[in-house]
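K.L.:
In this note's numbering, the protein residues as written are 1 to 85.
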Amino acid sequence: MDSNMTFRMDADIKRQMSAICKELGMTTSTAFNLFANAFVRAKGMPFPVSTQIAPVTYTISSEQMTEDAGKILEEFASDYARMAE
């Protein structure tokens with residue numbers, strides 16, 4: 001079952017996020033769903049949250065990023081197809 005969420009965010013951040021999502025070929029709703037799924041998989045924030053800037057200690061190849069993004073988008077495509085029924 002699908003559910004709606006409503007929350008406030010800075011208008012400029014929303015505008016920037018919408019523009020980036022558009023460049024990536026997705027909606028802001030899809031971006032928030034990506035975050036929510038990553039949050040659930042990580043059982044918390046899917047990235048470090050700190051007052052210090054942590055050095056990046058790993059690299060991910062563009063091929064790996066493309067493969068990971070493809071898998072995530074496939075999951076959402078099936079969700080959207082189900083919702084369209």
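Beta carbons: idealized from backbone N, C-alpha and C, even for Gly.
Taking the alpha-carbon positions, what's the Y58 to N37 distance?
P.N.:
Within the sequence shown, the letter at position 58 stands for residue 58. Within the sequence shown, the letter at position 37 stands for residue 37. Their Cα atoms are separated by approximately 22 Å.
K.L.:
By Cβ distance below 7 Å, which residues in the same chain neighbour F76 in space, the five residues on each side in sequence not counted?
P.N.:
Position 76 of the sequence shown, counted from the start, is the residue given in the question as residue 76. Only T30 and N33 meet the Cβ criterion.
K.L.:
Which residues bound the alpha helix (DSSP H) around S62?
P.N.:
Here residue 62 corresponds to residue number 62 of the sequence shown, with the count starting at 1. Run containing S62: S62 to A84, per the alpha helix (DSSP H) assignment.
K.L.:
Residue range of the alpha helix (DSSP H) that K43 falls in?
P.N.:
If you number the sequence shown from 1, residue 43 lands on position 43. Note, K43: premise wrong, no alpha helix (DSSP H); not H, not E.
K.L.:
Hey, T6 and S18: beta-carbon distance below 8 Å or not?
P.N.:
Your numbering for residue 6 matches position 6 in the sequence shown. Your numbering for residue 18 matches position 18 in the sequence shown. Taking 8 Å as the Cβ cut-off, T6 and S18 do not qualify as a contacting pair.
K.L.:
Excluding the five sequence neighbours on either side, which residues of its own chain have a C-beta within less than 7 Å of the C-beta of V40, listed in chain order?
P.N.:
Counting from one through the sequence shown, the residue named residue 40 turns up at place 40. The answer is none, since no qualifying residue turns up.
K.L.:
What number of angstroms, rounded off, separates the C-alpha of R64 from the C-alpha of Q52?
P.N.:
Here residue 64 is taken as the residue at index 64 of the sequence shown, counted from 1. Here residue 52 is taken as the residue at index 52 of the sequence shown, counted from 1. Note that residue 64 corresponds to Gln in the displayed sequence, not to Arg. Straight-line Cα distance between these residues: approximately 27 Å.
K.L.:
Do you know whose CA, among L24, M9 and N4, lies nearest T66's CA?
P.N.:
Here the question's residue 66 lines up with position 66 in the sequence shown. Closest by alpha carbon: L24.
K.L.:
Taking C-beta to C-beta, are M83 and D10 nearer than 8 Å?
P.N.:
Taking the first residue of the sequence shown as position 1, residue 83 is located at position 83. Taking the first residue of the sequence shown as position 1, residue 10 is located at position 10. Not closer than 8 Å, so no.
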